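Visitor: First to last, the protein sequences are chains P and X.
Sequential numbering from 1 applies to the first sequence in my numbering.
Sequential numbering from 1001 applies to the second sequence in my numbering.
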Amino acid sequence: MNQYDAIVIGAGHNGLTNGAYLAKAGLKVAVLERNPYIGGATVSRELHKGWYYSNCSYVSSLLRPEITRDLELPRHGLQVVPFGGGATFMRNGDHFGNYSDHDRHYRELARHSKRDANAYDRYSADTSLQTKLIRPYLLRTPPDPTSLKPKDLRDLLEFARSFMNLGEEKLLDTIKFWTASVGDYLNEYFETDVIKAHMAGSGIIGTALGVYSPGTAYVLLHHYMGDVDGNVGAWGFARGGMGAIASSLSKAFQSFGGEIICDANVDEIMVKNGSVTGVALKDGTEYRAPVVVSNLDPKRTFLDIINPSDLPKDVLKKARNFKIRGSSGKLNIALDGLPIFNGLDPKNKLMAGDLHFSDSLERQERAYDDWKAGTWSKDPYLDMMIPSLTDPTMAPPGKHMMSVFVQYAPPKVEGREWTDEDKDGFEKSVIDQISNYSPNFKDLILHCETRTPREIEAEVGLTEGNIFMGELTFDQLLFNRPFPGYAQYRGPIKGMYMCSSGTHPGGGVMAAPGANSAREILSDLKRPNTVPGEYADD
Amino acid sequence: MTDYDAVVIGAGHNGLICATYLAKAGHRVLVLDGRSEPGGCASTREFTAGFKVSDCAQWFSQFDRSITKDLNLHGAGLKLSDTKTTISLQPDGNHLTLDGDHIAGAGVDPVDQAAYREFRKMMQRFAKLMTHLYRGRPPKLVEHNWRDRFTLMKLGLGLKMMGREYMRDIMRIVMINIYDVMNEHFKHDALKSTIALDAVTGTNMGPAVTQYRL
Ligand SMILES: Cc1cc2nc3c(=O)[nH]c(=O)nc-3n(C[C@H](O)[C@H](O)[C@H](O)COP(=O)(O)OP(=O)(O)OC[C@H]3O[C@@H](n4cnc5c(N)ncnc54)[C@H](O)[C@@H]3O)c2cc1C
Ligand SMILES: Cc1cc2nc3c(=O)[nH]c(=O)nc-3n(C[C@H](O)[C@H](O)[C@H](O)COP(=O)(O)OP(=O)(O)OC[C@H]3O[C@@H](n4cnc5c(N)ncnc54)[C@H](O)[C@@H]3O)c2cc1C
């Protein structure tokens, strides 16, 4: 019997979170997934025997602790192990180390510049002020500023008040921060190229913008606002790869009676008399439910799986104009042993952190110039990690697994589709970049899985391969995400909802969109709320 | 005699306007400029015998017309030509001309022509809202007095009065770059680049990174 209270399309981590909270409230819920496996971009796969790749997302920090605790994810097998530090290698053979120990970090900063070392605490304090501002809004539905409903007005007022409480000067700093480029922001504190370049990386990851594009300071914040075990800004590895997050969510969902159906490729959301009635798969199977939630990005949701005649015109236009440009690629590499990096002792703890090879803002901006010209960066910015140093289960004993996130790779190459030769060229530019700093690296490669935006789109269904399901710029954040007028998780058709990273608070393995959306659905159904609010932890 | 009520440093057009209002209110005002001629960026210079040039600024459009009237600049000799037509030269000779709402040439189709009129209408609404802000000092946001509050209220009210869709548009569009705005509205390349020029003039950013400032 294919009749449910609610159907979630897509078993990404947000779809699973959404399903879990609906099922917890007593609804009969099915999550339909196109792939033979769950997780979407939060997945571990064994593509080379004995090696587990976190194929897409690779590190965890954004996952809301309220959800981890509420759904008892640790009991369902989730363990996040923090890693400390990282480094940026320089062309002159030196490097900048990012130590998690405060005093050690001060000494390292001072080794490059005394002035920068002294600016660092001010920078940290200013940035953490911004994270404090945003964190309370992650597990909430954004208010609609054009609405006169009491709830919206009350939320807006509270939002305004938290800004006013900053005082004139800090408020102006905040406005500047939220609109500035990460380059300009860092230039206000630091003078040393490598220090700025090390920090600027977080401002461009996953965005089709450069270090000097306005709005990238916010992207930096997006990477700072998470935590591991209450340690704000810290990142960690999920033991067993990111798939452990999806797997623990699916167990929580199933423990509430939820059902996951894989190999279920949804073709269309069925609509009758202005209300949804269920979904139809590509193979013709139908599942019926009065509530249908989409875990797909806004473009796929509104332009692929809904009949245009069921949608208001403005939604079609807004969906077409939604900015979701692919800008990243990834290499997952099986290694025969540990690579050696110039100037860094292999026993140094930094080896287990995030390693980078772009030592100035200028190089990063030029990498972006390549993207604008429609090609992959010839001198790419890499966020490279060796997770097997922290979690030995990722590779056979003595061997290692390397994850390389690459910025930039365009959704199309000079306006045409990616070819296999392009993919080889892209792979080569990344491997060469690493080899420049690691003499034994090339010889250790046993297997390399290369993913351009083409592969990411084909496998996960992220339009253009955009990792956040839509650019994180202010025209697409808060009450503008995904579009103005539709930021409260409700679609334009009765019974239709959205729960993906394309909704507030955006991309990353955060689970907040899935949870917020469930709260709105339960309130429409007049069911008791099962979704936790934010912790007063800051 | 070197005793004044106020000294203005710099005889740019803003210095001159400021001084004029002070003088008009009965103060003794002195304007000093390092150069031999007043005007700053808004001046005319004979750069070679018999040839004159607008030294820096060449287009007159943002000037607040209430000041023209208030200070009777026309009476003092200011003459303005008709509004300018923008012509974007095309290699094949079929040039694109933009004249108010009227748009012609370069094979711009009726869809883009209509989109252009819509776009201008939207811009004019936004501009009207912004004029409120330009006519006064920028309000303080937290330590505001009654005057700042009044400005902010007028701005908020102006936003609400625009209607829901316009309000949503403006809250989205102020944060977006001109490259995307052009692609959202138009198909025609030359039309897009002609309009986008105003957004990049004078900034060190390219169209894909510039925020709204048409
Ligand atoms: C290369 C890469 C690296 C990243 N690195 C990180 C990182 O280190 N840390 C971090 O926090 N975030 C990272 N991200 C971002 C993060 O992974 C995503 O934002 C997040 O996982 C998206 O989750 P979601 O549930 O919203 O969507 P998804 O995970 O995309 O889930 C959507 C699901 O819908 C399914 N689907 C699509 N179409 C259909 C259909 N027609 N019928 C049925 N099912 C369908 C898909 O198969 C998929 O399972 C990365 C992303 C990528 C791509
Ligand atoms: C190349 C160029 C093209 C432009 N095109 C346009 C255009 O087409 N349309 C438009 O609307 N705007 C244009 N602008 C911008 C516009 O011209 C300026 O923003 C405006 O004229 C500035 O006016 P101001 O009074 O604020 O300053 P300024 O005009 O810069 O005046 C400052 C004055 O202070 C004087 N001064 C400086 N230091 C001292 C000192 N120590 N002691 C005494 N005097 C001093 C200077 O000599 C100058 O006269 C253009 C600007 C440039 C540079």
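The beta-carbon is built from N, C-alpha and C at its ideal position, and this holds for glycine as well.
Given the structure is predicted, the values throughout are model-derived calculations rather than measurements.
For the region 28-35 of chain P against the region 434-444 of chain P, do three or more pairs of beta-carbon atoms, one drawn from each stretch, fall closer than 8 Å, so that the two count as touching?
Guide: Output reads no: the region 434-444 of chain P does not touch the region 28-35 of chain P.
Visitor: Considering only residues of the same chain and omitting the five flanking positions on each side of X:Gly-1156, which have a CB-CB separation below 7 Å?
Guide: Taking the second sequence and counting its residues from 1, one reaches residue 1156 of chain X at position 156. Correct list: empty, nothing qualifies.
Visitor: Assuming P:Pro-214 contacts P:Thr-179 (C-beta within less than 8 Å), just tell me the rounded distance between them.
Guide: Working through the first sequence from its first residue, we reach residue 214 of chain P at position 214. Working through the first sequence from its first residue, we reach residue 179 of chain P at position 179. Right, their Cβ atoms sit about 6 Å apart.
Visitor: Rank P:Ala-6, P:Asn-18, P:Asp-5 and P:Tyr-4 by C-alpha distance to the C-alpha of P:Asn-295 and give the top, closest one.
Guide: Counted from its first residue, the first sequence places residue 295 of chain P at position 295. It is P:Asn-18.
Visitor: Among residues of its own chain, excluding the 5 on either side of X:Leu-1214, which ones have a beta-carbon nearer than 8 Å to its beta-carbon?
Guide: The residue you call residue 1214 of chain X lines up with position 214 of the second sequence. Caution is warranted here: a pLDDT of 47 is assigned to X:Leu-1214, below 50, making its placement in the model unreliable, and the coordinate value is therefore given only provisionally. Correct list, in chain order: Met-1123, Ile-1178, Ile-1195, Asp-1198 and Ala-1199.
Visitor: Determine which residues of the region 453-480 of chain P have a Cβ less than 7 Å from any Cβ of chain X, and write them out in chain order.
Guide: Correct list: Thr-473, Phe-474, Asp-475 and Asn-480.
Visitor: Quick one: is P:Met-90 buried, meaning 16 or more other Cβ sit within 10 Å of its Cβ, or exposed?
Guide: Position 90 of the first sequence, counted from the first residue, corresponds to residue 90 of chain P. Looking at its Cβ environment, which holds 16 or more other Cβ atoms inside 10 Å, P:Met-90 is buried.
Visitor: Need the endpoints of the beta strand (DSSP E) that X:Thr-1048 sits in, please.
Guide: On the second sequence, position 48 is the one that residue 1048 of chain X refers to. First-last of the beta strand (DSSP E) with X:Thr-1048: 1044-1048.
Visitor: Please identify, using Cβ separations under 7 Å, the residues of the region 157-173 of chain P that lie next to chain X, in order along the chain.
Guide: Correct list: Met-164, Gly-167, Glu-168 and Leu-171.
Visitor: Suppose contacts are defined by Cβ-Cβ distances below 8 Å. Is P:Ser-61 in contact with P:Thr-42 by that definition?
Guide: Here residue 61 of chain P corresponds to residue number 61 of the first sequence, with the count starting at 1. Here residue 42 of chain P corresponds to residue number 42 of the first sequence, with the count starting at 1. Not a contact, by the Cβ cut-off of 8 Å.
Visitor: Go through its chain and collect everything with a Cβ distance to X:Thr-1086's Cβ below 6 Å, but skip five positions before and after it.
Guide: The residue labelled residue 1086 of chain X in the question sits at position 86 within the second sequence. Here the set comprises Leu-1098.
Visitor: Select from the region 306-329 of chain P all residues with a C-beta closer than 8 Å to any C-beta belonging to chain X, and list them in chain order.
Guide: Answer in chain order: Asp-314, Asn-321 and Lys-323.
Visitor: Within 10 Å of its beta-carbon, does P:Gln-364 have 16 or more other beta-carbons around it, so buried, or fewer, so exposed?
Guide: In the first sequence, the residue the question calls residue 364 of chain P occupies position 364. It is buried - the Cβ of P:Gln-364 has at least 16 other Cβ atoms within 10 Å.
Visitor: Could you check if X:Ser-1081 belongs to the surroundings of ligand 2, using beta carbon to heavy atom distance under 7 Å?
Guide: Translated into positions along the second sequence, residue 1081 of chain X becomes position 81. Flag unset: Cβ of X:Ser-1081 not near ligand 2.
Visitor: When the Cα of P:Pro-505 is compared with those of P:Ala-487, P:Gly-495, P:Met-496 and P:Pro-150, which residue comes out closest?
Guide: If you number the first sequence from 1, residue 505 of chain P lands on position 505. If we check each option's Cα against that of P:Pro-505, P:Ala-487 comes out closest.
Visitor: Can you tell me which of P:Phe-322, P:Ile-456, P:Met-270 and P:Asp-193 puts its alpha carbon nearest to the alpha carbon of P:His-112?
Guide: Locating residue 112 of chain P in the first sequence gives position 112, where the first residue counts as 1. Checked all of P:Phe-322, P:Ile-456, P:Met-270 and P:Asp-193; the closest Cα to P:His-112 is P:Asp-193.
Visitor: In chain order, what residues of the same chain have a beta carbon less than 7 Å from the beta carbon of P:Gly-183, not counting five sequence neighbours either side?
Guide: The residue you call residue 183 of chain P lines up with position 183 of the first sequence. Hits under 7 Å: Ala-200, Val-211, Tyr-212 and Leu-361.
Visitor: So if I threshold CB-CB distances at 8 Å, which residues from the region 135-159 of chain P count as touching chain X?
Guide: Answer set for the region 135-159 of chain P: Pro-145 and Thr-146.
Visitor: Is the beta carbon of P:Gly-86 less than 8 Å from the beta carbon of P:Leu-355?
Guide: Position 86 of the first sequence, counting from 1, holds the residue named residue 86 of chain P. Position 355 of the first sequence, counting from 1, holds the residue named residue 355 of chain P. Closer than 8 Å, so yes.
Visitor: From P:Lys-442 to P:Val-279, what does the alpha carbon distance come to, in whole angstroms?
Guide: In the first sequence, the residue the question calls residue 442 of chain P occupies position 442. In the first sequence, the residue the question calls residue 279 of chain P occupies position 279. Cα to Cα, P:Lys-442 sits roughly 48 Å from P:Val-279.
Visitor: Near P:Phe-474, what residues of its chain come up, given a Cβ to Cβ distance below 8 Å and the 5 sequence neighbours on each side ignored?
Guide: Along the first sequence, read from residue 1 onward, the residue named residue 474 of chain P stands at position 474. The answer, listed in chain order, is Trp-178, Thr-179, Gly-215, Tyr-218 and Asn-480.
Visitor: Measuring only between beta-carbons, confirm whether X:Val-1142 sits less than 8 Å from chain P.
Guide: Here residue 1142 of chain X refers to the residue found at position 142 when the second sequence is read from its first residue. So, interface residue.
Visitor: For a minimum of 3 consecutive residues, which ranges assigned as the beta strand (DSSP E) are wholly contained in the region 179-247 of chain P?
Guide: List check, beta strand (DSSP E) in window: 236-238.
Visitor: Any beta carbon of chain X sitting closer than 8 Å to that of P:Gly-485?
Guide: Position 485 of the first sequence, counted from the first residue, corresponds to residue 485 of chain P. Answer yes: the Cβ-Cβ gap between P:Gly-485 and chain X drops below 8 Å somewhere.
Visitor: Runs of 4 residues minimum, wholly inside the region 1068-1144 of chain X: which ones carry the alpha helix (DSSP H) assignment?
Guide: List check, alpha helix (DSSP H) in window: 1110-1134.
Visitor: Measuring alpha carbon to alpha carbon, tell me which of P:Gly-10, P:Ala-511 and P:Gly-465 ends up nearest P:Ile-67.
Guide: Here residue 67 of chain P refers to the residue found at position 67 when the first sequence is read from its first residue. Among P:Gly-10, P:Ala-511 and P:Gly-465, the Cα nearest to that of P:Ile-67 belongs to P:Ala-511.
Visitor: If you draw a straight line from the alpha carbon of P:Lys-151 to that of P:Pro-143, how long is it in whole angstroms?
Guide: The residue given as residue 151 of chain P occupies position 151 in the first sequence. The residue given as residue 143 of chain P occupies position 143 in the first sequence. Rounded to whole angstroms, P:Lys-151 to P:Pro-143 spans 8 Å at the Cα level.
Visitor: Using the beta-carbon count (16 or more within 10 Å), is P:Gln-407 buried or exposed?
Guide: Position 407 of the first sequence, counted from the start, is the residue given in the question as residue 407 of chain P. Classification of P:Gln-407: buried, given that the 10 Å Cβ count is 16 or more.
Visitor: Closer than 6 Å by C-beta to P:Thr-530: which residues in its own chain qualify, once you throw out the five before and the five after it? Chain order, please.
Guide: By 1-based counting over the first sequence, the position of residue 530 of chain P is 530. The residues are Tyr-21, Lys-24 and Ala-25.
Visitor: Under the DSSP definition of a beta bridge, which residues are partnered with P:Asn-332?
Guide: Within the first sequence, residue 332 of chain P is the residue found at index 332, counting from 1. Answer is P:Ser-403 and P:Glu-449, bridged to P:Asn-332.
Visitor: Please report whether the beta-carbon of X:Arg-1164 lies at a distance below 8 Å from any beta-carbon of chain P.
Guide: If you number the second sequence from 1, residue 1164 of chain X lands on position 164. Yes, contact with chain P.
Visitor: For P:His-356, which residues does DSSP report across the bridge?
Guide: To locate residue 356 of chain P, count along the first sequence from 1; it is residue 356. In DSSP, P:His-356 forms a bridge with P:Thr-88.
Visitor: Below 8 Å between beta carbons: does that hold for X:Ser-1036 and X:Thr-1044?
Guide: Your numbering for residue 1036 of chain X matches position 36 in the second sequence. Your numbering for residue 1044 of chain X matches position 44 in the second sequence. Their beta carbons are not under 8 Å apart, which means X:Ser-1036 does not touch X:Thr-1044 by this criterion.
Visitor: Please report the distance separating the alpha-carbon of P:Glu-191 from that of P:Tyr-185.
Guide: The residue you call residue 191 of chain P lines up with position 191 of the first sequence. The residue you call residue 185 of chain P lines up with position 185 of the first sequence. Cα to Cα, P:Glu-191 sits roughly 12 Å from P:Tyr-185.
Visitor: Within the 8 Å Cβ cut-off, does X:Arg-1168 reach chain P?
Guide: Counted from its first residue, the second sequence places residue 1168 of chain X at position 168. Closer than 8 Å to some Cβ of chain P, the Cβ of X:Arg-1168 qualifies, so yes.
Visitor: Take the Cβ of P:Asp-538 as the centre, count every other Cβ of all protein chains shown within 10 Å, and call the residue buried at 16 or more, exposed below.
Guide: Within the first sequence, residue 538 of chain P is the residue found at index 538, counting from 1. Residue confidence for P:Asp-538 is low, a pLDDT of 46 falling below 50, so the modelled location carries little weight and cannot support an answer.
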